[in-house]
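Going down the list, the protein sequences come from chains E and Y.
For the first sequence, the positions run 288 to 401 when this note's numbering is used.
For the second sequence, the positions run 35 to 150 when this note's numbering is used.
Ideal placement from N, C-alpha and C gives every residue a C-beta, glycine not left out.
Everything numeric in this text was worked out from a predicted model, so none of it was measured.
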Amino acid sequence: DSGVTQTPKHLITATGQRVTLRCSPRSGDLSVYWYQQSLDQGLQFLIQYYNGEERAKGNILERFSAQQFPDLHSELNLSSLELGDSALYFCASSEEGLLGYEQYFGPGTRLTVT
Amino acid sequence: AQTVTQSQPEMSVQEAETVTLSCTYDTSESDYYLFWYKQPPSRQMILVIRQEAYKQQNATENRFSVNFQKAAKSFSLKISDSQLGDAAMYFCAYRSARSGNTPLVFGKGTRLSVIA
């Protein structure tokens with residue numbers, strides 16, 4: 288158990304809909320990262336937050352957005368969903384500074400768009 | 035931008051034998067971290083081993099070791115005495131060591147099968 292939690296585990300929805308994925312980082316970790324893993328592919332970085340502020344952006348679509356709240360949990364919002372958005376979405380967290388080289392991954396949320 | 039390449043989509047190994055998974059990366063930075071992650075059928079991402087670029091000594095974790103060739107930008111993973119539980123997808127990943135934690139850049143992965 289990495290200490291990172293993600294809800295829900297599975298999500299099935301229709302095209303055009305909007306969903307919210309939730310992540311709670313390990314206790315004390317200020318950085319949260321979101322990654323997308325499409326079928327049998329590597330993980331693609333979407334976005335990073337640090338202590339409530341956006342720190343880095345990767346290949347995140349305009350239809351997707353995220354935020355990190357004062358209690359450090361983060362939400363990833365996916366809207367106008369398309370079939371191609373079906374994927375496993377991971378959240379990871381890390382400490383800041385020299386000890387922060389390791390990212391701890393949550394179990395992921397599997398999104399299926401039908 | 036940094037890239038990570040894993041040229042072997044699939045590999046197989048006999049139980050108790052040794053297998054090496056390849057990884058190359060491209061970067062203009064001199065300070066960075068390299069990782070191997072394991073993803074079993076449960077889909078959980080598990081850190082197997084890490085290497086700091088400034089360290090010349092290759093990292094070792096029990097049956098797992100790396101061959102880090104900084105000049106060649108190569109970072110291979112050797113699994114010794116392979117076990118059935120080693121069957122999984124293995125991802126090589128890069129992270130810049132510049133100030134402020136940075137995201138991971140992953141390769142596309144190598145699917146390892148272990149034959150009993």
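Under a 10 Å Cβ-count criterion, Y:I113 is classified as buried, with 16 or more other Cβ atoms of the shown protein chains found around its own Cβ. Of E:F351, E:V291, E:G345 and E:I299, the smallest CA-CA separation from E:T399 is found for E:I299. Contacts with chain E at 9 Å (Cβ-Cβ) do not include Y:E95.
Put simply, the CB of E:Q354 is far from chain Y, with every gap to its CB atoms at 9 Å or more.
Contacts with chain Y at 9 Å (Cβ-Cβ) do not include E:F351.
Taking all protein chains in view, the Cβ of Y:T52 is surrounded by fewer than 16 other Cβ atoms within 10 Å, so the residue is classified as exposed.
In this structure, the CA atom of E:C310 is about 5 Å from the CA atom of E:S361. Around the C-beta of Y:Y128, 16 or more other C-beta atoms lie within 10 Å, and the residue is accordingly described as buried. C-alpha of E:T292 to C-alpha of E:F377: approximately 10 Å in a straight line. Scanning Y:M123, Y:F109 and Y:V47 for the CA closest to the CA of Y:T144 turns up Y:M123. When C-alpha distances from E:G290 are compared across E:G303, E:K296 and E:D316, the shortest belongs to E:D316. Y:R84 has its alpha-carbon roughly 7 Å from the corresponding atom of Y:A93. The Cβ of Y:Y88 sits no closer than 9 Å to any Cβ of chain E. Inclusion of Y:Q36 and Y:Y66 in the CB contact set at 9 Å is warranted, their separation being smaller than that value. A direct Cα-to-Cα measurement between E:R397 and E:Y322 gives close to 12 Å. Measuring C-alpha to C-alpha distances from Y:S56 to each of Y:K142, Y:A121 and Y:S64 identifies Y:K142 as the nearest. Close partners of Y:L138 in chain E (Cβ separation under 9 Å): Y320, Y322, L330, F332, A379 and Q390. Membership of E:H297 in the beta strand (DSSP E) is indicated by the continuous run H297 to T300. The straight-line gap separating the alpha-carbon atoms of Y:S130 and Y:V139 is approximately 9 Å.
Not flagged as an interface residue toward chain E: Y:M45, since no C-beta distance is shorter than 9 Å.
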